[in-house]
Each structure stands twice: as C-alpha cells, then as structure tokens.
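Protein chains: 2
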Amino acid sequence: MARLDRAAVIAGAWDFVEASGLDALTMRKLASSLGVHHGTLYWHVENKRALIDALAEDLLAGVADIGPKEQGADRLISLAGRLRSALLSRRDGARIVAGTFVRQPNTLAFGEAAIDAARDAGVPAEDAALAAFTVQYFVLGFTIEEQSQHQLLDSGDWPTDTNAVDAGRFPLISAALDTLRRVPREAQFDYGVRRIVRSLTFTE
Amino acid sequence: MARLDRAAVIAGAWDFVEASGLDALTMRKLASSLGVHHGTLYWHVENKRALIDALAEDLLAGVADIGPKEQGADRLISLAGRLRSALLSRRDGARIVAGTFVRQPNTLAFGEAAIDAARDAGVPAEDAALAAFTVQYFVLGFTIEEQSQHQLLDSGDWPTDTNAVDAGRFPLISAALDTLRRVPREAQFDYGVRRIVRSLTFTE
DNA sequence: ACCTGAACACCGTTCAAGT
DNA sequence: ACCTGAACACCGTTCAAGT
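So the protein lines, in turn, are chains A and B. Just so you know, numbering that gives the first Met the number 0 puts 105 at position 106 of the first sequence, and the rest follows in order with no gaps. Just so you know, numbering that gives the first Met the number 0 puts 30 at position 31 of the second sequence, and the rest follows in order with no gaps.
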C-alpha cells in the first residue's frame, strides 16, 4: 500500500462521503477505509473540521474560473449555475460547503468573481457584495434542500405523510410543494436565478 | 426539585445554549445541568435531533403572526425583520433554525405568511414561493454570518489576521469586508431586505 | 517522515429495574 | 408516570514508541 498523503486522505474522504454520506463520516471509519490506524490521519490533517474544510475547498476548485466571453448579468447567472453544478457533483456537497466558515482561496475566488460580475452587470459598487451574497445564499439554500430531498427519496424515508403538509392550514405551501414536484429542478433553479439576478441588477 | 416535563427540558436547553453555545450542547451535560440522569431526557424528548427541532419551533413561535395593517411589500419586509429578530434573540438561533429540516407548525406558518405576503405584494402566484424562499434564505444566511462573527469577536479568536483577506488577490472582498465593519448590521440588513423585496416584487 | 498502540475524555441511546 | 444504573457501541484527539 502506497504511503498516505494529504491528497489521498481527501480522496478517501470523498469516496466515503459518496458511499455513506457526510453524517456517517468519522475519522475512525475513514481511517479504516484507508487501511490505516485512525491516529495516522492526524499526521496529514489537523482535525476533522479542517478535513471537511478541505473537502469544501476541493469542491470549489475552478468554479470561479469563468472566461471573459460572458458579460454582465449573464456572467453572474453563469457563476450561480457553476456553483450549483459543483455542489451537486458530490453527495452532500451543498451542506459541506455551507458548513465551512473559512477564508480559503477557492471560496474567496468565487466571492470575488461574483462581486465582479455583479458590478459588471450594473450593480453600483457599494451594493455589489450584497447582490453576490444574495445569489450565493440562494444557490446554497436551494441546493441543500434539493440534495436532502434526493436522499429522503432514495432512502424511502419520506413515504408521503411526512411530506404531506396539512393543506387546510397551509394551502400556499401545499401548492408550492406540488409545483416543486412537478417542475424539473433544473428549470426551477434557472428561472429563480434569472429572476433574482435580473431584479438585483435592475437599474431604476 | 419539581418533576421534569418536556417544556422544562426545552427551557433548560435554551439556558445551556445561551451559556455555552450550540456546539457544546450535549444530552449528558444538559441532563446534569437539570440535575437529572441523562437517560431521563429520553422520557421527555425522542432524541437530540428532536430536541433541537423543538428549539427551532420554539424560536419561531409568533413570528408569522403579523397584523393586517401592513400590506404588500411592507408585509414581506416586516416578516423578514421579525424572523431576524427571533433568530437574534437566542445565541446560535440562526444555526439552530437553519439546521432543522422539518415540517413543524411555526416553521410552516412562517412560510405560509411569507408566500401570502409575496402575493399581496404583487408577485404572480406561481413565483410567490420562490420569492418567499429567496427572502428566507437571505435572512438565514445573513444572520448565521452575523451571529458567528459575534462569537468570534467575543472569543477574541479573530485577532485581525484571520479576517485579513489578501487585498492584493481579493480586492473586492476586502473592500466589502471593510464596508461590513463600518456600516451597522441593522442598516445593512434593512437595506438588503428592502432591495431584494422591492426587486422581487417589481412588476414589469 | 510516517505509522501504530494505547490511552483519555468524552458521546447518544436503550432498557431493566426501581419508586 | 417518571427516574436511575448500568451497559452498549461508539466518538475525536494526543502522544510515546516504533520503523
């Protein structure tokens, strides 16, 4: 067995998360899946928090690297789509990224690119960060919900009655959930992002 | 010592979170703070997840109960402000609410009120849920960040260098962080919510 | 430089038995 | 109905000692 290094630990962590989910990820179980004593992991990674932060950074690699061909509002829309794709590319990706409160390069690069795109789309400089923030939280919120519903459906843990909101007391939510089930996620997301970006960049 | 009931467990959990934070909350430590064996808690509450869900529900009590005097976009803005106030009223309130993936009455009532307000503000019925969703995630994201910065500042764990984003590589983020430090949180939030709501409810 | 063994100080949850 | 004792099956992290 090849000697372990930090990259191998991260790769192993992804395999583990893909197979068993973020909640099951444990330093001890990860170590054993890598064929190594669990104490060993601490040679390569500071602690569990740092490992998950590293997963988030890994997931966001390249997301901000967008060509100069897209301009204005389209660039912000594009960034939002790239972020969602990256989050969806791994199980629990959205939760992994949302949980990290860090200032790591790829995370910062995304923020920087989003603010830049907002400015390019005509948002006044002092509001650009707010616009970028709004888009980012929409993507994270949307995708967290999306991924957790995937899991619930996969696990069969959501038979209908958990989902069945009392339509008498909450008619609007019931209707919204119905729409959510009918319309493809992709279309919902596109529509939502477009509407948010357009409205944020609307100059009066 | 009075006999324990579910309400006392929840009250004790709030006291504990207020004193030590959500991350320190443990069934065992909570039990001992209540002067009771930790097995006892499971008589009053199903498990730890259910306890935290109950905290979230508790926090959201009454947030949706808004008088009929506010109409249209103002009602949605009001709801957003009420949500933020509720989240801020308890330590780690935003994280507690964001972590719950549940369909409990107060949570649903807030969603219902927000969708209703969006419709009242002129958002077409089929987009109202999206608008409500966007506002809700803005408030949660904003307040999570706000509260975690409180803690970092309180703990003195953020001396300047962790916060000091490389201004050369990320000039826009650096500038945004600077603004964030200068402008009062309240004003930022109000401004942000107003802008989002106004743009979402803007009819072309 | 990298890994093991062993320990420390914890967890959440269950459940017979008590009152 | 409510609580204790005791157990089960885990955790993350550290660190001397090995190679």
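The beta carbon of each residue, even a glycine, is placed where N, CA and C say it ideally should be. Since this is a predicted model, take the numbers as computed values, not measurements.
Status (buried if at least 16 other CB within 10 Å, exposed otherwise) for residue i
{"i": "residue 8 of chain A", "result": "buried"}
{"i": "residue 100 of chain B", "result": "exposed"}
{"i": "residue 161 of chain B", "result": "Summary for residue 161 of chain B: the model assigns pLDDT 48, below 50, so the residue's position carries little reliability; its value from the coordinates is reported in the next sentence. Residue 161 of chain B comes out exposed."}
{"i": "residue 163 of chain A", "result": "exposed"}
{"i": "residue 105 of chain A", "result": "buried"}
{"i": "residue 61 of chain A", "result": "exposed"}
{"i": "residue 110 of chain A", "result": "buried"}
{"i": "residue 41 of chain B", "result": "exposed"}
{"i": "residue 146 of chain A", "result": "buried"}
{"i": "residue 88 of chain B", "result": "exposed"}
{"i": "residue 158 of chain A", "result": "With a pLDDT of 45 at residue 158 of chain A, under the threshold of 50, the modelled position of this residue cannot be trusted, and the question is left open."}
{"i": "residue 124 of chain B", "result": "exposed"}
{"i": "residue 5 of chain B", "result": "exposed"}
{"i": "residue 66 of chain B", "result": "exposed"}
{"i": "residue 90 of chain B", "result": "buried"}
{"i": "residue 122 of chain B", "result": "buried"}
{"i": "residue 198 of chain A", "result": "buried"}
{"i": "residue 191 of chain A", "result": "buried"}
{"i": "residue 186 of chain B", "result": "exposed"}
{"i": "residue 52 of chain B", "result": "buried"}
Three-state class that DSSP yields for residue i in the structure shown
{"i": "residue 150 of chain A", "result": "helix"}
{"i": "residue 28 of chain B", "result": "helix"}
{"i": "residue 36 of chain B", "result": "coil"}
{"i": "residue 64 of chain B", "result": "coil"}
{"i": "residue 142 of chain A", "result": "helix"}
{"i": "residue 2 of chain B", "result": "coil"}
{"i": "residue 102 of chain A", "result": "coil"}
{"i": "residue 125 of chain B", "result": "helix"}
{"i": "residue 12 of chain B", "result": "helix"}
{"i": "residue 80 of chain B", "result": "helix"}
{"i": "residue 111 of chain B", "result": "helix"}
{"i": "residue 20 of chain B", "result": "coil"}
{"i": "residue 97 of chain B", "result": "helix"}
{"i": "residue 71 of chain B", "result": "coil"}
{"i": "residue 134 of chain B", "result": "helix"}
{"i": "residue 165 of chain B", "result": "coil"}
{"i": "residue 120 of chain B", "result": "coil"}
{"i": "residue 7 of chain B", "result": "helix"}
Contact list for residue i against chain B, beta-carbon separation under 9 angstroms
{"i": "residue 55 of chain A", "result": "Simply none; closest approach about 15 angstroms."}
Contacts that residue i makes with chain A (C-beta to C-beta distance below 8 angstroms)
{"i": "residue 133 of chain B", "result": "133, 137, 191 and 195"}
{"i": "residue 114 of chain B", "result": "171, 172 and 175"}
{"i": "residue 140 of chain B", "result": "132, 135, 136, 139 and 140"}
Neighbour list for residue i in chain B, Cβ cutoff strictly below 7 angstroms
{"i": "residue 147 of chain A", "result": "100"}
{"i": "residue 164 of chain A", "result": "102 and 107"}
{"i": "residue 198 of chain A", "result": "198, 199 and 201"}
Bounding residues of the alpha helix (DSSP H) (the contiguous stretch that carries residue i)
{"i": "residue 90 of chain A", "result": "Premise fails: residue 90 of chain A is in no alpha helix (DSSP H) and is neither H nor E."}
{"i": "residue 188 of chain B", "result": "184 to 199"}
{"i": "residue 43 of chain A", "result": "40 to 43"}
{"i": "residue 56 of chain A", "result": "47 to 58"}
{"i": "residue 176 of chain A", "result": "170 to 181"}
Residue i: contacting residues in chain B (beta-carbon distance under 8 angstroms)
{"i": "residue 178 of chain A", "result": "125 and 128"}
Contact list for residue i against chain A, beta-carbon separation under 7 angstroms
{"i": "residue 111 of chain B", "result": "169, 171 and 172"}
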